[in-house]
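Have a look at the structure below, then the notes.
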Amino acid sequence: MKVTINRDDCVGCGACASVCPDCFEMDDEGKAIVTNEAGCDCLQDAIDSCPVQCIITE
């Protein structure tokens with residue numbers, strides 16, 4: 000599985016990084032970035048916590 004963030008849609012709320020710090024962190028622009036593209040155990044929780052649903056899995 001590959002995990003990406005649609006940065007155009009990301010509002011920078013930080014929920015994904017709070018719920019799943021093993022996969023996400025916030026960058027200098029205040030937007031989420033993926034730190035583990037393969038995913039991790041908390042990935043679904045992060046997806047569910049995103050208010051704009053900008054986390055994409057393939």
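Position 2 (the sequence shown) corresponds to 1 in numbering that gives the first Met the number 0; numbering is contiguous. Using N, Cα and C, we set each Cβ at its ideal position, and we do this for glycine too. Fair warning: this is a prediction, and the values are worked out from it, not measured in the lab.
Which listed residue (the options) has its alpha carbon closest to that of residue i
i   : options               : result
C49 : E24, M0, T3 and C9    : C9
V33 : D47, D44, C15 and D40 : C15
D7  : K1, S17 and V51       : V51
K30 : A37, D44 and S17      : S17
Contact under 7 Å by Cβ, residue i with residue j
i   : j   : result
C22 : C39 : yes
D53 : C19 : Checking the sequence shown, residue 53 turns out to be Cys, not Asp. In this structure, C19 does not lie closer than 7 Å to C53 by Cβ.
Buried or exposed by the 16-neighbour rule on C-beta atoms within 10 Å, applied to residue i
i   : result
A37 : exposed
In DSSP terms, what residue i is bridged to
i   : result
T3  : I55
I46 : In the DSSP output, where bridge partners are listed per residue, I46 has none listed.
E24 : I32
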